[in-house]
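Participant: Please see the structure below; I have some questions.
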Amino acid sequence: MSAGPTQPRKQIHLAAHFPGVNNTTVWADPRSGSQIDFASFVHLARTAERGLFDFFFLAEGLRLREHKGRVHDLDVVGRPESITVLNALAAVTAHLGLAATVNATFNEPWELARRLASLDLLSGGRAAWNVVTSSDAFTGENFRRGGFLDRADRYTRAAEFVAAARALWDAASDDGGPRPFEWSGDHFTFGGEAALPRSPQGRPVVIQAGDSDEGREFAASAADIIFTRHGTLEAGRAFYRDVKRRLPRYGRREEDLKLMPGVTVVLGDTDADAQERAAEIRRQQISPQNALHALELVWGRDLSAYDPDGPLPDIDPDPQSTLVQGRVRHADPFEAAARWRALSEEKGLSIRQTVIETTSRQSFIGTPSTVAAAMAEFVEQDAADGFILVPHLTPGGLDDFVDTVVPLLQERGVFRTRYTGTTLREHLGLAGTGVEGLTA
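Numbering (our numbering), first residue to last: 32 to 471.
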């Protein structure tokens, strides 16, 4: 009796995140380059395309962050606007998806929908929008509305924003002729025309980042990809099950939403060598100064008098503090401080060691073979659908991964050996134009 057909292995999706302005990058490394030079964007994007990644992902910075009233050191040179960079990258790549982070709080649907549709059209159907929100009055000072938006309203506005943008994209004609359009909702009322022709993928892919319950619900209702973080296989599986179970209430299937955590990868000739490298990278990323900055972000107090190699403060956080501006504070700083103290006491960790342990992303550390096996297990065990790689070097941080790990994933039969489609939706295996009939 012959055996039945072999079940195809679940495929891994990969994306590349350009670190930009943060302490992920080890800036002291001599191989570190500029985060604003276009050549850096080109190098990382072309490396991702050589590795057959699904998309290239840029973050956003709407205002230079401040710490104790001064511009944060890593923000001094700023960050280029993401859609502008991606439009330029569309000309030097052929298949790679191009994902821009754009705030739904400080933009308007018709104007942003047109900018994203332009990127989608010019790139041949490769655009994506990472939807973020803000209730930050400090950032809002750069905009006419200021910081008026209550925290509770940011997801309702974002949901209507996405619905209005999708309706505009769906109203586009195949020949580019003007199509009248009207929208009336709680946050937006406007009329106009969808004046661009439809792109090859119909509408840009929508990404949402966030692990809160409201963020998960928003992703289940409106997103094609959720960008998240989780530290263990079990935590990943729990998050995966929780988000996927929400999809049916919106008429969606499991395959309609891809879960892609942000991860770091450290490679070595042996697993022990890779572990040593990873520890050194974390020490370089979290300098004594950065450790105190991270601590002040939780406590909201000037802690410059504390020794980074000493114990955590025994004082309570200040929840109303404006010591740090333009960076997201913990929703409950008391809970975060209690968690950090418990970890510090349990393991005997200093301030710096605690920050290193609590701020690291899910990491894959080892030889290329070890990393390939671990990534395949994560996806096969339904802890993720793929990964967004956040390299610690700009712009060459993906070179070794593409040269050594990607071929092993291909040998395992869990990653493509060539692009079989031309649009980002085809790369991701998303049917049609994604979620139909989304309403505000």
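From the three backbone atoms N, C-alpha and C, an ideal C-beta is built for every residue, glycine too.
Reducing DSSP to helix, strand and coil, say where I43 ends up.
Facilitator: Here I43 sits in coil by DSSP.
Participant: Check whether the stretch 137–150 and the stretch 212–227 touch, using three or more Cβ-Cβ pairs below 8 Å as the test.
Facilitator: Between the stretch 137–150 and the stretch 212–227 there are three or more inter-stretch CB-CB distances shorter than 8 Å, so the stretches are counted as touching.
Participant: Count the other CB atoms within 10 Å of the CB of A305; is the residue buried (16 or more) or exposed (fewer)?
Facilitator: buried
Participant: In chain order, which continuous runs of the beta strand (DSSP E) of length 3 or greater are located wholly inside the stretch 283–332?
Facilitator: 289–298
Participant: Report buried or exposed for R449, applying the criterion of at least 16 other Cβ atoms within 10 angstroms of its Cβ.
Facilitator: exposed
Participant: Tell me whether the stretch 255–269 and the stretch 187–205 touch, counting them as touching only if at least three CB pairs, one residue from each stretch, are closer than 8 Å.
Facilitator: Pairwise C-beta distances place the stretch 255–269 out of contact with the stretch 187–205, as fewer than three of them are shorter than 8 Å.
Participant: Is the beta carbon of S113 closer than 8 Å to that of T136?
Facilitator: no
Participant: Identify, in the order they occur along the chain, each residue of the same chain with its Cβ nearer than 7 Å to the Cβ of S71, setting aside the five sequence neighbours on each side.
Facilitator: G64, S65, T425, P426
Participant: Any idea which residues DSSP pairs W214 with across the strands?
Facilitator: F221
Participant: So, does the stretch 209–216 touch the stretch 234–241, judging by three or more C-beta pairs under 8 Å?
Facilitator: Result no; under three Cβ-Cβ pairs closer than 8 Å.
Participant: Should V133 be counted as a contact of the ligand FMN given a C-beta to heavy atom distance under 7 Å?
Facilitator: As presented, the structure is devoid of all ligands, the ligand FMN included, so that no description of it is given.
Participant: Tell whether a beta-carbon distance below 8 Å holds between L455 and A159.
Facilitator: yes
Participant: Would you list the one or two residues that DSSP bridges to I396?
Facilitator: Secondary-structure assignment with DSSP links I396 through a beta bridge to V297.
Participant: What's the C-alpha gap between R272 and G460?
Facilitator: 20 Å
Participant: DSSP on I114, reduced to helix/strand/coil?
Facilitator: Looking at I114 - three-state DSSP - the assignment turns out to be helix.
Participant: What do you get for G379, buried or exposed, if any count of 16 or more other CB atoms within 10 angstroms of its CB means buried?
Facilitator: exposed
Participant: Once DSSP output is grouped into helix, strand and coil, what is the label at L420?
Facilitator: strand
Participant: Excluding the 5 residues flanking D338 on each side, which residues of the same chain have their C-beta closer than 6 Å to its C-beta?
Facilitator: none
Participant: Could you tell me the alpha carbon to alpha carbon distance between I346 and R392, rounded to whole angstroms?
Facilitator: Spanning the two alpha carbons is a distance of roughly 27 Å.
Participant: Check W200 in the structure and name its three-state DSSP category.
Facilitator: W200 sits in a helix when the DSSP states are folded into three classes.
Participant: Measuring CB atoms only, is the stretch 76–88 touching the stretch 122–142, in the sense that at least three cross pairs come out at less than 8 Å?
Facilitator: Taking 8 Å as the limit for Cβ pairs, the verdict is that the stretch 122–142 does touch the stretch 76–88.
Participant: Please check the pair Q315 and A59, which I expect to be a contact at CB under 8 Å, by giving their CB distance rounded to whole angstroms.
Facilitator: 6 Å
Participant: For Q351 and L334, I'd like the C-alpha separation in whole angstroms.
Facilitator: 16 Å
Participant: By the DSSP assignment, the beta strand (DSSP E) with F87 in it spans what residues?
Facilitator: 86–89
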